[in-house]
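Contents: one structure, followed by commentary.
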Amino acid sequence: MAEEIREALNLLNDKLSGLFPYRLELAAPGELKLLEKNARYMKAEQFQALVENIKKDGNLSSLPLCYREQDGRLRVLSGNHRVMAARQAGVEQILVLVIAGEKNQDERLAIQLSHNAISGQDDLVILKELWESIKDVQARIYAGLDSDTLKALQGIQFTAITEQRLRYKLTNFLFLPEELEDLDQLLKETAAAFAGDVVYLAHLHTFDAFFELITRIKKRCVIKNSAAAFLKLMELARIGLEQLMQEEALHGGDSAHQEAEHGLG
Numbered sequence: 001m002a003e004e005i006r007e008a009l010n011l012l013n014d015k016l017s018g019l020f021p022y023r024l025e026l027a028a029p030g031e032l033k034l035l036e037k038n039a040r041y042m043k044a045e046q047f048q049a050l051v052e053n054i055k056k057d058g059n060l061s062s063l064p065l066c067y068r069e070q071d072g073r074l075r076v077l078s079g080n081h082r083v084m085a086a087r088q089a090g091v092e093q094i095l096v097l098v099i100a101g102e103k104n105q106d107e108r109l110a111i112q113l114s115h116n117a118i119s120g121q122d123d124l125v126i127l128k129e130l131w132e133s134i135k136d137v138q139a140r141i142y143a144g145l146d147s148d149t150l151k152a153l154q155g156i157q158f159t160a161i162t163e164q165r166l167r168y169k170l171t172n173f174l175f176l177p178e179e180l181e182d183l184d185q186l187l188k189e190t191a192a193a194f195a196g197d198v199v200y201l202a203h204l205h206t207f208d209a210f211f212e213l214i215t216r217i218k219k220r221c222v223i224k225n226s227a228a229a230f231l232k233l234m235e236l237a238r239i240g241l242e243q244l245m246q247e248e249a250l251h252g253g254d255s256a257h258q259e260a261e262h263g264l265g
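What follows is the structure in structure tokens.
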């Protein structure tokens, strides 16, 4: 079986030559040279979980990275613990990635450290969601989360975020046809006068100010009907608009526009 795998790998490596910077090789875990100094450590419970997973899978599910030294033996640059766990699990042959080109000592050390350092971090919130979605006990054991991680997950509490219901007020005004035309014309003139201004969505308190203004007009002008009060507001708005336009003509456009901005702010 091992020879058949090696023949298949040789054919594959020939096809990938020049396209892929590594070779795939079959190796006995006990024959691989382990790192003499490894900055990455693994807690005993994590290592034992790795051994049990390898026993269950029958082999490694991720490949160690190796470099062929001058004596012909393969030195592990990344995957030290996986190789040791494979030995303890009794695996006879594993697949490894072998760097095809020459690497000096500095380059080999840089590769070793980069594989340890550039490993990413877990998003604990997502990790908790994934962990809690696993119902089978054996599957949870296989996931391999250590006791410290499980304690950290227990401290995460999910809180449902409810969308705040918007409060709004609706007001209807009825106009006669000619009054509606007058309103439409006034709105067009107002839009043209303030065409360069930025328009924002009005806050709820803006309605309160508008309602108070209608109330004041009704009291000041002795008007009982809200639609009539709105028409009076239109009349006053037209007077104010004409005054702004006159001031703009007198001051070259700047002063009146600034006053309008202050008044609207």
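Numbering-wise, full-length UniProt numbering puts 23 at position 23 of the sequence shown, and it's gapless, one number per residue.
All C-beta atoms, glycine included, are put in the ideal place defined by N, C-alpha and C.
Let me check one thing: in DSSP terms, what residues is residue i bridge-paired to?
{"i": "Val76", "result": "Cys66"}
{"i": "Ala27", "result": "Ile94"}
{"i": "Lys33", "result": "Arg75"}
{"i": "Tyr142", "result": "According to DSSP, Tyr142 bridges with nothing at all."}
{"i": "Tyr22", "result": "Ile99"}
Would residue i be called buried (16 or more neighbouring beta carbons within 10 Å of its own) or exposed?
{"i": "Asn80", "result": "buried"}
{"i": "Leu236", "result": "exposed"}
{"i": "Asn172", "result": "exposed"}
{"i": "Gly155", "result": "exposed"}
{"i": "Ala139", "result": "exposed"}
{"i": "Arg82", "result": "buried"}
{"i": "Ser62", "result": "exposed"}
{"i": "Asp106", "result": "exposed"}
{"i": "Arg216", "result": "exposed"}
{"i": "Arg75", "result": "buried"}
{"i": "residue 266", "result": "Since the first and last residues shown for the chain are 1 and 265, residue 266 lies out of range."}
{"i": "residue 266", "result": "Nothing about residue 266 can be read from this structure; the chain reaches only from 1 to 265."}
{"i": "Ala86", "result": "buried"}
{"i": "Leu77", "result": "buried"}
{"i": "Leu250", "result": "exposed"}
{"i": "Leu32", "result": "buried"}
{"i": "Leu109", "result": "exposed"}
{"i": "Val91", "result": "buried"}
{"i": "Leu174", "result": "exposed"}
{"i": "Asp14", "result": "exposed"}
{"i": "Asn60", "result": "Per the sequence shown, the amino acid found at residue 60 is Leu instead of Asn. Classification of Leu60: buried, given that the 10 Å Cβ count is 16 or more."}
{"i": "Met1", "result": "exposed"}
Please list the terminal residues of the continuous beta strand (DSSP E) segment that includes residue i.
{"i": "Val96", "result": "Ile94 to Ile99"}
Could you give the residue range of the alpha helix (DSSP H) that holds residue i?
{"i": "residue 266", "result": "Lying before the first or after the last residue shown, residue 266 is absent from the chain, which here runs from 1 to 265."}
{"i": "Arg6", "result": "Ala2 to Leu16"}
{"i": "Val51", "result": "Ala44 to Asp57"}
{"i": "Ile126", "result": "Leu124 to Ser133"}
{"i": "Phe230", "result": "Ser226 to Leu250"}
{"i": "Leu153", "result": "Ser147 to Gln154"}
Out of the options, point me to the one whose CA is closest to residue i's CA.
{"i": "Leu244", "options": "Asp208, Thr190, Ala209 and Leu9", "result": "Thr190"}
{"i": "Phe211", "options": "Asp57, Gly18, Ser226 and Leu241", "result": "Ser226"}
{"i": "Lys188", "options": "Leu145, Thr206 and Arg238", "result": "Arg238"}
{"i": "Glu102", "options": "Val91, Gly90, Gln70 and Arg87", "result": "Gln70"}
{"i": "Ile111", "options": "Ala39, Ile214, Ile5 and Glu242", "result": "Ala39"}
{"i": "Ile5", "options": "Lys55, Gln93 and Gly58", "result": "Gln93"}
{"i": "Met42", "options": "Tyr142, Lys135, Met84 and Phe207", "result": "Met84"}
{"i": "Glu242", "options": "Arg220, Leu186 and Ile214", "result": "Leu186"}
{"i": "Arg73", "options": "Lys56, Leu35 and Gly58", "result": "Leu35"}
{"i": "Leu113", "options": "Leu145, Leu183, Lys37 and Met1", "result": "Lys37"}
{"i": "Lys56", "options": "Thr206, Tyr142 and Ala2", "result": "Tyr142"}
{"i": "Asp123", "options": "Gly144, Glu7, Leu153 and Leu11", "result": "Leu153"}
{"i": "Glu45", "options": "Lys135, Glu3, Gly58 and Gly144", "result": "Gly144"}
Do residue i and the ligand GDP come close, with the Cβ less than 8 Å from some heavy atom?
{"i": "Met84", "result": "The model on display carries no ligand, and the ligand GDP is accordingly not part of it."}
- Query: Three or more C-beta pairs closer than 8 Å, one from the stretch 59 to 73 and one from the stretch 89 to 109: is that the case here?
  - Reply: When C-beta atoms of the stretch 59 to 73 are compared with those of the stretch 89 to 109, three or more pairs fall below 8 Å, so the two segments count as touching.
- Query: Does the stretch 124 to 132 touch the stretch 146 to 153, meaning 3 or more C-beta pairs lie closer than 8 Å?
  - Reply: Judged by Cβ distances under 8 Å, the stretch 146 to 153 makes contact with the stretch 124 to 132, as three or more pairs qualify.
- Using 8 Å as the Cβ pair cut-off and three pairs as the minimum, do the stretch 220 to 234 and the stretch 177 to 189 touch? By the C-beta criterion, the stretch 220 to 234 is judged to be in contact with the stretch 177 to 189, since at least 3 inter-stretch pairs fall below 8 Å.
- Item | At least 3 beta-carbon pairs within less than 8 Å: the stretch 12 to 28 vs the stretch 37 to 54 | No, because fewer than three Cβ pairs between the stretch 12 to 28 and the stretch 37 to 54 fall closer than 8 Å, the two stretches do not touch.
- Inspect the CB distances between the stretch 16 to 23 and the stretch 109 to 117 and report whether three or more fall short of 8 Å. By the Cβ test, the stretch 16 to 23 is not in contact with the stretch 109 to 117, since fewer than three Cβ pairs between them sit closer than 8 Å.
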